[in-house]
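Participant: Can you read through this structure? Questions will come right after.
Chains as they are written, first to last, in our numbering: chain V, 1 to 408; chain U, 1001 to 1103.
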């Protein structure tokens, strides 16, 4: 009987395991995860929930794995992969032989250079355990410093502020959300944080970080010193490629796969945050997406192709972030856009449509309270997928339903 | 035996669209299909309790505006990740141009 092994029990790996069953695979499935918890959703970790310690939001109940005959090995690390013998060696000294292998190893939070990962007051956020530890520090009267004004940093800043802590965000670039988020939206987010009392410092270089017994001292290049009870490092994530690299698989800003998520080695696939792939919608440029939706979509695609299909990645990249009662969503990649058309939905909600030199809709970015922008961003995503060249006036007029442009 | 509650005028819901309807402390989503048939489900997505009336209706599917949970609004059936649980559905009738939901 065929044996499919999935390394990485996050969103992508778990979804792929269930997708294999949904698609009718009757062989053995082993799903291997390093963390002790059953696969859970990561997006809630950085966002404000209740005042209670965060509960993991499981992707499926623990019973679902045996019900679906998925052998879930938790707290287990794969220490070696040998494509020649099609085997993986586990931390419990077991060796498994696979017919098809999926690497869904995800990404790890980047730490601050030179800081010990066991530091109690200088932390990253990637796992549920990280979130639980962090939660304990978010109280009125505490001062939380956040290094990095990206999605994770700002979501955590909002969460810490909602829980009553004082918050300072330190960003090296001239503005927050520099990567992939247009300035108008970054400004709206910055303004909202400032209204809530978050101290956002952009264009600041950290010269030194020092952990003391009761605080962390941050020395900025300009000479200023910031003292915090806890410092959270949100400066991006690095794909977990060590296993693949040691096995000789091609690496290119992640495990390099083709449109079908096949790695450079037969019968080994990679999906989710750990892999980079060519995106035909944008001229075949190689991208690596750290997003929840991408992890789900690639899980399904990988499962299909492990079963012999030849499906290609065609989804539009999509990201979202929640901060306070605002939601930000981005569909597509705006890098090559030359024109931006603004659609105002209400006083606070707006969408920017990003169009290429030939008038093609490349991306849409929106911000608003609650779900004000959700429907239009979803429709924009469909327009992007069809390589539409929508009329600028129609995009700008909120009275024109975007759904009507889809039919055009 | 359903207790029929008035929702709105039939033409208050656009073709292939959805509205929110609240009644007696509960919230619902009421749909009009391209064929001018009307349907009703519980209002909140079973994934993270986001209201479905802010979502997109297309091809008999309601898609949650937040995380793209999808359901067939005619049957309540969940259509894949991230949703695990089907939606409760309710009978709907249209009389004299008024939509009623059966609770």
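A virtual CB, placed ideally from N, CA and C, is assigned to each residue, including glycine.
If you're wondering where the values come from, they're calculated on a predicted model, not measured in any experiment.
Taking a Cβ distance cut-off of 8 Å, strictly less, list which residues of the region 1033-1054 of chain U are near chain V, in chain order.
Facilitator: Those would be 1050, 1051 and 1054, in chain order.
Participant: Under three-state DSSP, which class holds residue 86 of chain V?
Facilitator: Coil at residue 86 of chain V, not helix or strand.
Participant: For residue 1068 of chain U, which residues in chain V fall below 8 Å Cβ to Cβ?
Facilitator: Simply 293 and 378.
Participant: Can you tell me whether residue 1041 of chain U is helix, strand or coil according to DSSP?
Facilitator: In the structure shown, residue 1041 of chain U sits in a strand (DSSP, three-state: E or B).
Participant: State yes or no: is the C-beta of residue 392 of chain V within less than 9 Å of the C-beta of residue 341 of chain V?
Facilitator: Yes, they are a contact pair.
Participant: Going by beta carbon distance, what residues of the same chain come within less than 6 Å of residue 257 of chain V, once the five residues before and after it are set aside?
Facilitator: Closer than 6 Å at the Cβ level, and outside the excluded window around residue 257 of chain V, lie 263, 270, 275 and 277.
Participant: Taking all protein chains shown into account, decide if residue 1055 of chain U is buried (16 or more other Cβ within 10 angstroms of its Cβ) or exposed.
Facilitator: Residue 1055 of chain U should be labelled buried.
Participant: Which full runs of the beta strand (DSSP E) of 3+ residues lie inside the region 279-358 of chain V, going along the chain?
Facilitator: Runs found: 285-287, 318-323, 326-332, 339-344 and 350-355.
Participant: Excluding the 5 residues preceding and the 5 following residue 196 of chain V in the sequence, name in chain order all residues of the same chain whose CB lies nearer than 6 Å to its CB.
Facilitator: For residue 196 of chain V, where only same-chain residues beyond five positions count, the Cβ hits under 6 Å are 161.
Participant: Please name the residue in V:194, V:377 and V:243 whose C-alpha comes closest to that of residue 77 of chain V.
Facilitator: Comparing Cα positions, the closest option is V:243.
Participant: If you draw a straight line from the C-alpha of residue 306 of chain V to the C-alpha of residue 103 of chain V, how long is it?
Facilitator: Distance between the alpha carbons of residue 306 of chain V and residue 103 of chain V is about 12 Å.
Participant: Do you know how far the Cα of residue 174 of chain V is from the Cα of residue 222 of chain V?
Facilitator: Cα to Cα, the separation comes out at about 15 Å.
Participant: Once you ignore the five residues that flank residue 86 of chain V on each side, which residues in its own chain have a CB closer than 8 Å to its CB?
Facilitator: Cβ within range, chain order: 97, 98, 99, 101 and 267.
Participant: Is any beta-carbon of chain V found at less than 9 Å from that of residue 1077 of chain U?
Facilitator: Answer no: the Cβ-Cβ gap between residue 1077 of chain U and chain V never drops below 9 Å.
Participant: Using a Cβ-Cβ distance under 9 Å, would residue 375 of chain V count as near chain U?
Facilitator: Answer yes: the Cβ-Cβ gap between residue 375 of chain V and chain U drops below 9 Å somewhere.
Participant: Along the alpha helix (DSSP H) that carries residue 153 of chain V, what are the first and last residues, could you check?
Facilitator: That run of the alpha helix (DSSP H) goes 151-162.
Participant: By the criterion of Cβ-Cβ separation under 8 Å, what are the contact partners of residue 1063 of chain U in chain V?
Facilitator: Correct list: 378.
Participant: Output, in sequence order along the chain, the residues in the region 240-252 of chain V whose CB is closer than 8 Å to any CB in chain U.
Facilitator: Listed in sequence order: no entries.
Participant: Mind listing the chain U neighbours of residue 305 of chain V? Cutoff is C-beta to C-beta under 8 Å, in chain order.
Facilitator: Going along chain U, no residue has its Cβ under 8 Å from residue 305 of chain V, so there is no contact; the nearest lies around 17 Å.
Participant: I'd like the list of long-range same chain contacts for residue 254 of chain V, defined as Cβ closer than 7 Å, with 5 residues on each side in sequence excluded.
Facilitator: Closer than 7 Å at Cβ, skipping near neighbours: 239, 241, 274, 275, 276 and 288.
Participant: Just to confirm my understanding: we take residue 1131 of chain U, look at its own chain, exclude 5 residues before and 5 after, and list those with CB closer than 6 Å. What are they?
Facilitator: Residue 1131 of chain U lies beyond the residue range present for chain U, which begins at 1001 and ends at 1103; the question has no answer from this structure.
Participant: Is the number of C-beta pairs between the region 226-240 of chain V and the region 140-159 of chain V that are closer than 8 Å three or more?
Facilitator: With a cut-off of 8 Å, the region 140-159 of chain V and the region 226-240 of chain V count as touching, because enough Cβ pairs lie within range.
Participant: Compare the C-beta of residue 215 of chain V with all C-beta atoms of chain U and state if any pair is closer than 9 Å.
Facilitator: Answer no: the Cβ-Cβ gap between residue 215 of chain V and chain U never drops below 9 Å.
Participant: Whose CA, out of V:333, V:343, V:351 and V:369, lies closest to the CA of residue 362 of chain V?
Facilitator: Considering only alpha carbons, the answer is V:333.
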